[in-house]
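Novice:
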Amino acid sequence: MSNTIFSGFGYWNALIWLFFFGVSAAFAFYFISHGRNDYRKGTPQDEIYYSGNAVPQDGADVSVPASAVYWGFKRACAPLYAWLDKLHSGNGADYMGYFLLTFAIISLLMLIF
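Here the numbering used here is used: the first residue of the sequence shown is -5, the next is one more, and so on.
(1) According to DSSP, is TYR75 part of a helix, a strand, or is it coil?
(2) Could you give the distance in angstroms between the alpha-carbon of PHE67 and the alpha-carbon of GLN51?
(3) Name the DSSP bridge partner or partners of ASN85?
(4) Taking just the CA atoms, how far does GLY16 sit from TYR64?
(5) Which residue or residues does DSSP assign as beta-bridge partners of ASN47?
(6) Helix, strand or coil: which one does DSSP assign to TYR92?
(7) Which residue marks the beginning of the beta strand (DSSP E) containing TYR5, and which one marks its end?
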């Protein structure tokens, strides 16, 4: 009995795949074993980095809202968001119409080119 399987897309040998995964696992275990082992829980190593500032004790002060994280992106794309906001109606029929219009345009471009 052959270990090679013909799938219609090529030949697959299960033993070669097992060997590949074994070698990959060996590399992974090698890198894991050579990692740093000087980490100590409950020391300053365990503290979060808060831009060099002292970490507040209240957890609500630690969170960063998404509006602060992506403020530059939102500001740069403000005209696009304003235009999209006008299109947003909350009506599912409108969104299905946008989908069908987009599908029709893509289909037409596929027929032309």
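Heads up, the beta-carbon is just placed ideally off N, CA and C, and yes, glycines get one too. Because the structure is a prediction, the values reported are computed rather than measured.
Specialist: So, to answer that:
(1) It is helical.
(2) Cα to Cα, PHE67 sits roughly 30 Å from GLN51.
(3) DSSP lists no partner for ASN85.
(4) Our two residues, TYR64 and GLY16, have alpha carbons roughly 42 Å apart in a direct line.
(5) Answer is none; ASN47 lacks a bridge partner.
(6) Helix at TYR92.
(7) 5 to 7 is the span of the beta strand (DSSP E), which, as asked, contains TYR5.
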